[in-house]
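**Q** What follows is a structure written as structure tokens; I'll ask about it next.
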Amino acid sequence: MQAESQEPQSHAQFLNEHGIRPSVHRLQIWTFLQGTKAHPSVDRIYAHLQPGLPTLSRTTVYNTLSLFVERGIAQALSIKDGEARYDADTSPHGHFHCRVCGEVFDFPLTEKRMKLKLPEGFIPERSQLFCYGCCPGCSGSTPMAC
-9 MQAESQEPQS
1 HAQFLNEHGI
11 RPSVHRLQIW
21 TFLQGTKAHP
31 SVDRIYAHLQ
41 PGLPTLSRTT
51 VYNTLSLFVE
61 RGIAQALSIK
71 DGEARYDADT
81 SPHGHFHCRV
91 CGEVFDFPLT
101 EKRMKLKLPE
111 GFIPERSQLF
121 CYGCCPGCSG
131 STPMAC
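For the record, in the sequence shown the residue sitting at position 118 is 108 according to the working numbering, with numbers rising by one throughout.
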């Protein structure tokens, strides 16, 4: 399920519908996560929100994101060296991590890319497709780096 762009009032309703009590911190974290394609880390979310929410802690951000993942409204991405990034788009799509600039980009998955051939008896519950390399911006500007 992919969260659609919502007004702040409906963010609270959306969280309620997923069994999440919409506290001020949770609403702010959800609003930020849902409104970005940057696949932010806990630290990036904390740095962005903390000036306006002085009572916010990194632990609150981490626990809130874990709750969002548990309730299926966000996904955690393990990108590099165990660094978790988060994505509010839970629809089937792939991720491309640029090793030069560090950004993570979404890309669509076609039916052909979605076919998995697993050994008999394996039943996938979810999957993620990651690609690593150089994005167009980095490959054009720093050809030796890519």
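All C-beta atoms in this analysis are idealised placements derived from N, C-alpha and C, irrespective of residue type, glycine included.
1) Since Asp144 sits in a beta bridge, which residues does DSSP pair it with?
2) With DSSP collapsed to three states, give me the class of Val14.
3) How would you call Thr45, buried or exposed, if buried means at least 16 neighbouring beta carbons within 10 angstroms?
4) Could you tell me the alpha carbon to alpha carbon distance between Lys27 and Ala37, rounded to whole angstroms?
5) Taking the alpha-carbon positions, what's the Gln65 to Gly42 distance?
6) Exposed or buried, Leu23, counting other C-beta atoms within 10 Å across all chains shown (16 or more means buried)?
7) Go ahead and pull the three-state DSSP assignment for His85.
**A** Short version:
1) Absent from the structure is residue 144, since the part of the chain shown begins at -9 and ends at 136.
2) helix
3) Per the 10 Å Cβ criterion, exposed.
4) 17 Å
5) For Gln65 and Gly42, the distance between alpha carbons rounds to 25 Å.
6) Its Cβ being crowded by 16 or more others within 10 Å, Leu23 is buried.
7) strand
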